[in-house]
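In the numbering used here, the protein residues as written are 356 to 613.
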């Protein structure tokens, strides 16, 4: 296919991303769905996506779809994300260090957001929160997890502190691959989802009211719950994995082998 044919589709794909408010860290719809929405063949879509990957707007993950690339500042990538990514590669349990660090960082972003959020910031926060509610009955926990990320990043943006915002973006980029399965499972269990919604509501209300201390406390309580829940889910997954690795004869009654 010639570039003259592909370039308009690239422009349309960029417009789709903007119109659907897909932000860094969010995943594009499945190829079949996206080609149907745009009214193009899947081969044409793949070529357009590849161009946006080459330009740095998108990133493809093996077995994980195509995502809007996090546009991190060079210093954030070099001094925060890069070194921590290597730690996670060497020992995945460093994910819990990241979750602990989020306690301090998000308590700070919530505090400053309550003091500094503009009218436009508050509208974006309300929109991001409403998006998490719309996905309540969704059968796609990945989209629900993305909506959660957007809500937290909207708070960081409302803090008007670029260091906190870039650090938050870097953390979510790292957590996306290391704990995404646990995050998704949080949205398949109604009791957990209800708690998350209550905590998000309390956090939103405090920021909209300009109550910095209440916002800080709400963030701390929320992150404590997320940390404990994700650790429990991860331990359950690890336990199930160990069970599946048991030799068949380990689960039989010894008398059966006589």
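By construction, the Cβ of each residue, glycine as well, lies at the ideal position given by its N, Cα and C atoms.
None of the values given here were measured: they were computed from a predicted structure.
Beta-bridge pairing by DSSP links residue 421 to 415. Boundaries of the alpha helix (DSSP H) around residue 439: 437 to 445. The three-state secondary structure of residue 382, taken from DSSP, is strand. When only Cα atoms are considered, residue 405 and residue 421 end up about 10 Å apart.
Here DSSP, grouped into helix, strand and coil, assigns residue 396 to coil. When 525, 386, 382 and 515 are compared, the shortest CA-CA separation from residue 467 is found for 515.
The three-state secondary structure of residue 566, taken from DSSP, is coil. Between residue 573 and residue 597, the alpha-carbon positions lie close to 36 Å from each other.
Taking the Cα of residue 436 as reference, the smallest distance to any Cα among 570, 473, 480 and 518 is reached at 518. Here residue 506 is not near residue 457, since their CB atoms are 8 Å or more apart. The C-beta distance from residue 541 to residue 529 rounds to 18 Å, too long to meet the 8 Å contact threshold. Within a 10 Å sphere around the beta-carbon of residue 479 sit 16 or more other beta-carbons, which makes this residue buried. In the three-state scheme derived from DSSP, where H, G and I count as helix and E and B as strand, residue 540 is classed as helix. By the C-beta density criterion, residue 549 is exposed, having fewer than 16 other C-beta atoms within 10 angstroms.
Burial of residue 469 is indicated by the presence of at least 16 other C-beta atoms within 10 angstroms of its C-beta.
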